[in-house]
Amino acid sequence: MTDWMMVLPQLLLTAGGLAVIGVDLAAKRQELSALTAGLTLAVAAAAVGAAARRAGEAWQSMLVVDGFSTFFSMLFLVTGALVVLFSLPYVRKKEIHAGEFYSLLVFVVLGMTMMASSRDLLVIWLGLELLSIGSYVLAGMLKDDPRSLEASLKYFLIGAMTSAVLLFGLSLLYGVSGATHLEAIRRAVAVGGPWKSVALVGMWFLAVGFGFKVAAVPFHMWAPDVYHGAPTPVAALLIAGSEAAAFSALIRVFNEAFAPLAADWRAVFTVLAVATMTYGNAVALVQTSAKRMMAYSAIAQAGYVLVGMAVGTPEAVSAMLYYLLAYAFMVLGTFAVIAWLSLSRPDEMLDDFQGLGRRVPWVAALTVLLMLSFIGIPPTAGFAGKFYLIKSAVSAGMVWLAVVMVVNSAISAGYYYGIVRRMYLEGDAVRERTAMQQAAPSAASSMPRPMQLALVISAAATVLLLLFPQPILDWLGQAQHVLAMLP
Amino acid sequence: MLSLLVFAPLIGSLVLVLMPKDDKPLLRRTALAFSLVPLAVVLVLWTRFDTTVQGMQFVERVPWIPSVGIQYFLGVDGISFPMLIVTALVTTLAILVSFSIEERVKDFMALMLLLETGMLGVFVSLDYFLFYIFWEVVLVPMYFIIGIWGGPRREYAAIKFFIYTLLGSVVMLVGILALYFQSGLGTFDMLEIAEKARLAPTAQYWIFLLLFFGFAVKVPVFPFHTWLPDAHVEAPTGGSMLLAGVLLKMGTYGFYRISYPTLPDAARAFAIVMGVLGVINIIYGALVAMAQKDLKKMVAYSSISHMGFVLLGLAAMTPMSMAGGLFVMISHGLISPMMFFYAGTVLYERTHTRMLDEMNALFTKMPIAATLMAFASFANLGLPGLSGFAGEFFTFVGTFPVLPALVYIGVLGMVLTAAYHLWMMQRILMGDASVHAAGHADAPAAHGAPSPSSHAAHAEAPALRLPDLRLREALVSAPLMALIVLFGVAPSVLLRLFNPSIQALLNRLGGL
């Protein structure tokens with residue numbers, strides 16, 4: 000019976016996803032579909048909270064409920080809920096079929112929670128597939144937009160290849176250990192012997208597969224096109240949710256199964272981290288499209304999180320979790336603004352931000368806050384997140400890596416401030432007027448309520464996570480103890 | 000009390016944001032009223048400040064993020080308290096000066112108050128995490144103040160300022176973290192780390208360098224200074240006043256509050272480097288200032304020059320040189336805002352130029368304003384009896400027994416400083432009012448009858464009179480002048496505040 004209680008969130012999500020389709024068939028109302036999806040996520044969050052109290056494993060640890068899975072499940076559900084919230088005006092304007100959109104969104108979130116709630120490689124892989132297949136469709140939801148179709152196709156092809164890579168690595172590990180459970184793999188890897196090299200190869204295949212999913216350089220090439228072409232709320236879901244889900248699997252698999260090989264993979268993740276953040280920041284600097292810039296910025300941010308993998312201490316793990324949480328809110332808030340701007344100007348250029356400081360001061364002010372958070376300037380959660388990551392690096396004696404990270408932060412100020420500059424500084428009369436003329440007469444002048452709400456929630460969370468981090472840190476402390484098997 | 004001091008402007012800033020943006024006079028008065036709160040608090044604290052105590056006073060301490068060892072920890076001593084006086088006063092005056100700003104008054108005033116919260120917070124924080132937050136909070140409003148209300152190259156200057164100082168401060172952050180781990184105390188408490196950490200000299204050197212980078216950019220120490228002239232020249236007057244008066248001191252304050260007490264071995268080891276950099280700042284700043292045609296740029300470089308004295312005072316580590324360095328910080332915190340006020344507003348509003356060649360004979364055109372400009376210049380060049388002299392004098396006297404060679408060269412800087420100030424005054428204040436200054440012919444501010452020009456070649460005659468000092472401008476000048484004279488004539492007022500804390504600092508440095 001307890002087994003069923005533990006899997007309740009997943010069951011609820013499955014039922015909810017189907018219910019969205021039913022509601023869509025019964026009543027052709029977009030609001031109702033969105034509402035059903037939102038309710039499903041809320042109820043699932045409650046179930047996650049309830050399940051967390053009886054932590055443990057079910058079905059030979061196909062499913063596990065621990066601090067780590069609870070943390071990530073909550074993160075995914077909140078992400079999904081915020082996406083539902085600000086996507087509604089977008090879905091309506093772009094004439095996306097709401098029933099499909101919201102049911103797929105729920106299934107994608109289901110896939111994410113599965114990835115975080117298992118210690119079995121097969122289930123993790125299943126979760127990833129569920130997440131991915133839904134995402135391929137979601138990315139192509141703008142049927143009249145060739146960019147969207149291209150994004151969908153690219154994502155699908157790369158995704159299929161990633162699956163194959165992961166599956167191959169998985170089969171090698173199965174060959175070595177005779178099991179797909181992380182604990183069993185860890186025991187097998189720890190023994191060493193002639194099979195160790197096979198295990199290592201398996202591990203590298205997993206690293207590459209997850210590297211694709213988190214868009215780490217050099218496995219990132221799909222990310223800018225996909226994030227750019229996908230509908231804006233979907234891009235937000237992919238950046239804030241899918242990447243976090245991939246990180247959840249990455250963290251768990253490497254820290255549990257490959258703990259005995261930590262010295263090997265830490266060095267590799269160090270290289271990946273440095274390459275990823277530096278490349279992402281450098282290329283983001285020259286972008287003119289808002290979504291493309293955010294895509295490269297997502298690559299750079301993945302690089303920061305990878306610093307935690309490079310450091311590889313329990314403290315670094317909790318820093319990564321904190322950062323992923325803070326980052327999700329920054330991304331969702333920013334994409335709420337981009338989605339709003341794209342209602343009237345479909346190209347999502349950075350120049351769409353021009354004069355926003357004058358036209359809608361409070362939106363502009365909150366956007367500044369989010370940008371500060373991306374750069375890592377107080378008083379924002381982005382600062383606290385970087386602080387914890389840097390702290391973990393310095394504590395492990397990797398001061399040089401911390402310095403690389405802070406230099407990257409300073410570089411990133413260049414493009415994040417590009418948005419701020421456009422909102423406030425380029426507001427001189429001439430450009431202001433042309434920007435105003437380009438804007439649709441009235442549609443752009445006020446932000447739809449759901450988007451307002453999503454933006455305010457994200458911005459508030461960004462500040463509150465800094466001001467009152469202790470509860471979150473305590474929670475992360477629990478999440479991280481699960482993984483405290485490191486040498 | 001200190002929390003009220005720090006957060007009153009922040010509350011003011013939020014109140015302003017909620018106010019309608021059309022009633023400009025009301026917005027200005029509200030901002031001014033909120034900026035008076037910290038000033039009042041500082042004055043009350045001044046009466047209660049115990050100059051016999053070495054340690055921190057008015058301490059407030061609450062656990063914040065206990066699992067990491069971060070607290071909300073405020074307090075002041077003789078080193079930080081004078082900075083509060085300067086900050087509170089100069090902010091109020093800068094807001095008063097900015098009454099002339101007509102565009103986006105609400106945003107501007109809200110940012111000024113936010114800036115004040117950041118600056119005050121830096122000087123009262125005794126926890127590294129808190130300190131860093133306030134340190135960075137200062138960046139953002141200043142970026143907007145330069146970027147929105149600045150001169151023609153404002154965007155460039157603003158982003159340059161932002162990225163330079165951001166880079167400096169994030170490297171400083173790494174230094175702070177290194178300090179946290181090397182000390183092994185599990186706390187971000189500045190005092191505890193300074194007191195209990197027994198750091199190996201090598202660790203100290205590295206941490207000193209990391210912190211140095213952060214502070215040096217703010218000071219700014221040559222060669223990290225290139226953002227400063229751009230920022231100063233482009234910033235609106237209120238911004239320049241705060242930038243020169245307070246922001247630069249955050250860097251030197253960092254040396255006094257963090258680097259020296261916490262890393263005494265490194266401080267001793269790097270003394271000669273600090274001294275040499277100080278002298279380079281003095282001489283280089285003065286030489287470049289001399290070459291400037293733009294009055295504001297000249298004042299900006301003179302700031303670089305003056306901050307060199309602080310470094311020199313720190314290098315020598317004698318009671319008198321350390322007190323001298325602090326004295327220069329306070330004194331420059333009063334004089335440079337006044338200089339920028341005259342260069343950027345009083346003179347500029349009349350003559351519509353900042354070019355030295357385009358102004359002349361201001362003594363006859365606007366006698367009172369010109370006299371006050373001369374006063375500020377004399378204070379800045381270090382005329383005895385004014386605070387600038389006292390600070391430089393103490394620095395030199397205190398440094399001489401330890402680093403005489405540097406003093407010999409540094410004194411040369413004083414000569415240069417006197418030279419370019421006098422030259423500047425000669426060019427803009429004196430001369431024949433009837434002689435045309437280049438490019439000045441169409442000065443819109445010209446008032447009164449055309450002069451009976453003796454130069455027949457000039458069809459349009461230049462104005463003989465310009466409007467003289469206004470009441471508001473007098474109000475801005477008076478408190479600065481009063482303190483400049485007070486600290487110049489009775490330096491003991493300040494020294495009494497400094498001395499116990501400097502003694503405590505020197506005890507840590509190995510009792511000289």
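Here the protein sequences come in this chain order: A and B. At position 417 of the first sequence (counting the first as 1) the number is 416 in numbering that gives the first Met the number 0, and the numbers step up by one without a gap. At position 448 of the second sequence (counting the first as 1) the number is 447 in numbering that gives the first Met the number 0, and the numbers step up by one without a gap. Ideal Cβ placement from N, Cα and C applies to all residues, glycine included.
- For B/Gln203, the CB contacts under 6 Å within the same chain, skipping 5 residues up- and downstream, are Leu262, Asp264 and Ala265 in chain order.
- Taking B/Asp467 as the centre and dropping the five residues before and after it, the same chain places the C-beta of Met365, Ile367 and Ala368 closer than 6 Å to its C-beta, in chain order.
- The segment 305-313 of chain B and the segment 229-236 of chain B do not touch, with fewer than 3 CB-CB distances between them shorter than 8 Å.
- With respect to chain A, the C-beta atom of B/Ser66 has a partner C-beta closer than 8 Å.
- In the DSSP assignment, A/Val63 falls within the unbroken beta strand (DSSP E) covering Leu62 to Val64.
- Taking all protein chains shown into account, B/Pro37 has 16 or more neighbouring C-beta atoms within 10 Å of its C-beta and is therefore buried.
- Spanning the alpha carbons of B/Asp49 and B/Val85 requires a straight line of approximately 19 Å.
- Here the alpha carbon of B/Ala230 sits roughly 28 Å from the alpha carbon of B/Ala389.
- When DSSP states are grouped into helix, strand and coil, B/Pro62 belongs to the strand group.
- Secondary structure note for B/Val75: its beta strand (DSSP E) is the uninterrupted segment Ile69 to Val75.
- Below the 9 Å Cβ cutoff, chain A contributes Val393, Val398 and Ala401 as neighbours of B/Ala177, in chain order.
- Remark: C-beta atoms of B/Val96 and B/Met240 approach each other more closely than 8 Å.
- Taking a contact as a CB-CB distance under 8 Å, the pair B/Val75 and B/Gln56 counts as one, their CB atoms being some 6 Å apart.
- The straight-line gap separating the alpha-carbon atoms of B/Asp356 and B/Phe374 is approximately 21 Å.
- Not one beta carbon of chain A lies nearer than 8 Å to the beta carbon of B/Ile192.
- A Cβ-Cβ distance of about 7 Å is found for the pair A/Asp351 and A/Ala289, placing them in contact under the 8 Å criterion.
- Taking a cut-off of 8 Å on C-beta distances, the segment 401-415 of chain A does not touch the segment 327-342 of chain A, as fewer than three cross pairs fall below it.
- For the segment 288-311 of chain B, the set of positions with a beta-carbon nearer than 9 Å to some beta-carbon of chain A is empty.
- If you draw a 10 Å sphere on the C-beta of A/Tyr322, you find 16 or more other C-beta atoms in it, and that means buried.
- Judged by beta-carbon spacing, A/Val207 lies within the 8 Å limit of A/Val164, meaning their Cβ atoms are closer than that value.
- Of the other Cβ atoms in all chains shown, fewer than 16 fall within 10 Å of the Cβ of B/Ala477; this residue is therefore exposed.
- If the five residues before and after A/Val42 are omitted, its C-beta is found closer than 8 Å to the C-beta atoms of Leu11 and Gly15, all from its own chain and listed in chain order.
- For the segment 127-139 of chain B, the residues whose beta carbon sits under 9 Å from a beta carbon of chain A are, in order, Phe128, Tyr131, Ile132, Phe133, Trp134, Glu135, Val136, Leu138 and Val139.
- When DSSP states are grouped into helix, strand and coil, B/Gly384 belongs to the coil group.
- Not a single CB atom of chain A sits nearer than 8 Å to the CB of B/Val123.
- Beta-bridge annotation (DSSP): A/Gly55 is paired with A/Val64.
- DSSP, reduced to helix, strand and coil, places B/Gln203 within a helical segment of the structure shown.
- In the DSSP assignment, the residues bridged to B/Asp188 are B/Asp126.
- The CB of A/Lys390 comes closer than 9 Å to the CB of Val67, Leu176, Tyr179 and Phe180 in chain B, given here in chain order.
- Within the model, the alpha-carbon separation for A/Leu464 versus B/Ser66 is close to 15 Å.
- Residue-level contact check: A/Tyr321 does not touch chain B, since none of the beta carbons of chain B fall below 8 Å from its beta carbon.
- Looking at the DSSP output, B/Met171 sits in no beta bridge, so it has no partner there.
- At a beta-carbon threshold of 8 Å, the residues of chain A lying near B/Leu165 are Ile374, Ile376, Ser408, Ala409 and Ala412, ordered along the chain.
- Annotation: the continuous alpha helix (DSSP H) that includes A/Ala325 extends over Pro313 to Ser343.
- Contact note: B/Leu172 reaches chain A through Phe386, Ile389 and Val405, using a C-beta cutoff of 8 Å and chain order.
- Contacts with chain B at 8 Å (Cβ-Cβ) include A/Tyr416.
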